[in-house]
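S.K.: Sharing a structure with you now.
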Amino acid sequence: MAWYDGLTDEQRPIVGCDSEKSIRLLAGPGTGKTKCLIHRVAYLEEEKSAKNQDIVVITFTRAAAHEIRERLIKELKLSKDDLPAARTLHSYALAMMMLRPIFNDIKRPLRIADDYEEKRIIIPELAKMLNTNPTGVKTLLEEYNAAWNTLSIDNPNWRETNRNIEFEEKLEILQQFYSFTLRGELPYKFKDMLEGEPIIAREIAPLYLLVDEYQDLNRCDQAVIYALAEAGSIVFVAGDDDQSIYVKLRHANPEGIRRFPERFAPCEPFKIELCRRCPRKVIDAANKLISNDRDREEKKLKPQPDAPEGNIRVLNFKGPRREAVGIANICQGLHAHYGYKWSDILILLSRGRLGNLIEEELDNSEIPFVNVENKNSSR
808 MAWYDGLTDE QRPIVGCDSE KSIRLLAGPG TGKTKCLIHR VAYLEEEKSA
858 KNQDIVVITF TRAAAHEIRE RLIKELKLSK DDLPAARTLH SYALAMMMLR
908 PIFNDIKRPL RIADDYEEKR IIIPELAKML NTNPTGVKTL LEEYNAAWNT
958 LSIDNPNWRE TNRNIEFEEK LEILQQFYSF TLRGELPYKF KDMLEGEPII
1008 AREIAPLYLL VDEYQDLNRC DQAVIYALAE AGSIVFVAGD DDQSIYVKLR
1058 HANPEGIRRF PERFAPCEPF KIELCRRCPR KVIDAANKLI SNDRDREEKK
1108 LKPQPDAPEG NIRVLNFKGP RREAVGIANI CQGLHAHYGY KWSDILILLS
1158 RGRLGNLIEE ELDNSEIPFV NVENKNSSR
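Using this note's numbering, the first residue of the sequence shown is number 808, and each one after it goes up by one.
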């Protein structure tokens, strides 16, 4: 299969951009930006004679990394032996730091503490060592995690006003005893190693570095990508600042993709605006809503010529229970009167408590469902 097979006229020049410059692809939902990234791998192997070890694909989640590997096999007919590395930034940082143990101060054996260990072991132990309550320790960990993610920890003002020396000392003792590294700390340590050891950085940096959903990375993550670019990696990033939904949850930095052409100069910037996924009314409503963000990169999603009109309804209910009942009734109507399969219906939630009520009402109405977040199923 040739690298250009299955690409549109809009996608082909992006995937086949013959340039040693950095590339930024700014593209909205349903435009095929991940498809472009996948076919870029094929382009590099076919046209640039790149080997799989020359290419690293960075994704935001483990699920996305798995999906990209599966799509490389399915769409490009690559064997598992020919696959480039596709992994999260944490996974990539962990692997690279294990290869260069003497050039970083991460505790050995190199291991990231999981959520259970942090909640059940690390926080209670630190609370005892600091003679405080677990809630206070959790707050301190959150503050340090935010400081690593946003690089505030490098700011002298932060260190002067927020740094807790006793906490750092006790945390180091605990890390030495249990041999763990905190998840938020790992990319920061990797960044420090790349910036402090330029020779090692040049050895580590892949020839081609492709990054999916760049807008979801935080400042520290993006500093890692920049350090690899400075060490010689040719960077291709795909994303959309309009879809940055992890700003509060994980300190994502959408400004990074907006300013990418400046920071990673020289850069070839591209856009895709044709949405192949959504009906016209959905796209129109999304464009009107997102246009209120004055900081966004200018772009406007466009529907396909044959896109259906679609339908948007705004319903108000008197209380969460009535809303849950109403949602169950709507699902019944879509299935019974319009012939939709249960798997055609998606319910998006903003609050976990409402999800529990909806699950109860779906069960009461004998509607099969799967809770994607925790994999609960009604049958």
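From the three backbone atoms N, C-alpha and C, an ideal C-beta is built for every residue, glycine too.
#1: Where do the ends of the alpha helix (DSSP H) carrying tyrosine 850 lie?
#2: On the criterion of 16 or more Cβ atoms from any shown chain inside 10 Å, does alanine 1072 qualify as buried, or is it exposed?
#3: Alpha helix (DSSP H) containing threonine 957: first to last residue?
#4: State yes or no: is the C-beta of isoleucine 1014 within less than 8 Å of the C-beta of isoleucine 1041?
#5: Tell me whether tyrosine 995 is buried or exposed, calling it buried when 16 or more other Cβ atoms sit within 10 Å of its Cβ.
#6: Which residues bound the alpha helix (DSSP H) around phenylalanine 1067?
#7: By how many angstroms is the C-alpha of aspartate 1091 removed from the C-alpha of asparagine 1118?
#8: Under 7 Å Cβ to Cβ from glutamate 1081, same chain only, skipping five residues before and after it: list those, please.
#9: CB-CB under 6 Å to phenylalanine 1077, same chain, minus the five flanking residues each way: which ones, in chain order?
#10: How many Å lie between valine 944 and isoleucine 930 at the Cα?
#11: Pick from Tyr1145, Arg878, Gly813 and Ser826: whose alpha carbon is nearest that of cysteine 1074?
#12: Is proline 1013 helix, strand or coil by DSSP?
#13: Any chance the region 844–864 sits against the region 1120–1129, with 3 or more Cβ pairs inside 8 Å?
#14: In the DSSP assignment, find the unbroken beta strand (DSSP E) run with isoleucine 1165 in it and report its ends.
#15: For phenylalanine 987, which residues of its own chain have a beta-carbon under 6 Å away from its beta-carbon, when the five flanking residues on both sides are left out?
#16: Tell me, please, whether the CB atom of threonine 942 is closer than 8 Å to any CB atom in chain D?
#17: For alanine 954, count neighbouring C-beta atoms within 10 Å of its own C-beta (all shown protein chains included) and say buried if the count is 16 or more, exposed if not.
#18: Determine the closest residue to arginine 990 out of Glu1037, Phe984 and Leu896, with distance taken between C-alpha atoms.
#19: Starting from alanine 1045, trace the beta strand (DSSP E) both ways and give me its first and last residue.
#20: Under 8 Å Cβ to Cβ from arginine 1009, same chain only, skipping five residues before and after it: list those, please.
#21: Mind reading off the beta-carbon distance from alanine 1059 to aspartate 1023? Whole number of angstroms is fine, and I expect it under 8 Å.
M.R.: Per the coordinate set shown:
#1: Stepping through the sequence shown from its first residue, residue 850 is reached at position 43. Counting along the chain, the alpha helix (DSSP H) containing tyrosine 850 begins and ends at 840–854.
#2: Working through the sequence shown from its first residue, we reach residue 1072 at position 265. Answer is exposed; the Cβ neighbour count stays below 16.
#3: The count along the sequence shown starts at 1 and reaches residue 957 at position 150. Here the alpha helix (DSSP H) through threonine 957 covers 941–957.
#4: Stepping through the sequence shown from its first residue, residue 1014 is reached at position 207. Stepping through the sequence shown from its first residue, residue 1041 is reached at position 234. In the sequence as displayed, the identity of residue 1014 is leucine instead of isoleucine. Yes, the pair counts as a contact, with Cβ atoms nearer than the cut-off.
#5: Working through the sequence shown from its first residue, we reach residue 995 at position 188. Classification for tyrosine 995: buried.
#6: As a first step, residue 1067 is located in the sequence shown; it is residue number 260 there, counting from the start. Phenylalanine 1067 -> alpha helix (DSSP H) spans 1067–1070.
#7: What you label residue 1118 is simply residue 311 of the sequence shown in a count that begins at 1. What you label residue 1091 is simply residue 284 of the sequence shown in a count that begins at 1. Rounded to whole angstroms, asparagine 1118 to aspartate 1091 spans 11 Å at the Cα level.
#8: Numbered from its first residue, the sequence shown carries residue 1081 at position 274. Residue identity check: residue 1081 is leucine in the sequence provided, not glutamate. Excluding sequence neighbours, leucine 1081 sits near Glu817, Thr838, Lys1109 and Gln1111.
#9: Residue mapping note: residue 1077 aligns to position 270 of the sequence shown, counting from 1. Counting only Cβ-Cβ distances below 6 Å, and skipping sequence neighbours, we find Ile821 and Leu832.
#10: To locate residue 944, count along the sequence shown from 1; it is residue 137. To locate residue 930, count along the sequence shown from 1; it is residue 123. Distance between the alpha carbons of valine 944 and isoleucine 930: 6 Å.
#11: Your numbering for residue 1074 matches position 267 in the sequence shown. Cα-wise, what sits closest to cysteine 1074 is Ser826.
#12: Locating residue 1013 in the sequence shown gives position 206, where the first residue counts as 1. Three-state DSSP puts proline 1013 in coil, outside helix and strand.
#13: no
#14: In the sequence shown, the residue the question calls residue 1165 occupies position 358. Following the DSSP letters along the chain, one finds isoleucine 1165 in no beta strand (DSSP E) but inside the alpha helix (DSSP H) bounded by residues 1159–1171.
#15: Here residue 987 corresponds to residue number 180 of the sequence shown, with the count starting at 1. Here the set comprises Arg918 and Ala920.
#16: Absent from the structure: chain D. Only one protein chain is present.
#17: Along the sequence shown, one-based indexing puts residue 954 at 147. Classification for alanine 954: buried.
#18: Against the sequence shown, residue 990 aligns to sequence position 183. Ranking Glu1037, Phe984 and Leu896 by Cα distance to arginine 990 puts Leu896 first.
#19: Here residue 1045 refers to the residue found at position 238 of the sequence shown. Taken as a continuous stretch (DSSP letters only), the beta strand (DSSP E) holding alanine 1045 covers 1041–1046.
#20: By one-based count along the sequence shown, residue 1009 stands at place 202. If we look at arginine 1009 and ignore the five residues flanking it on each side, its Cβ neighbours are Ala1038 and Gly1039.
#21: Counting from 1 along the sequence shown, the entry for residue 1059 is found at position 252. Counting from 1 along the sequence shown, the entry for residue 1023 is found at position 216. Going by Cβ atoms, the distance from alanine 1059 to aspartate 1023 rounds to 5 Å, so yes, they are a contact pair.
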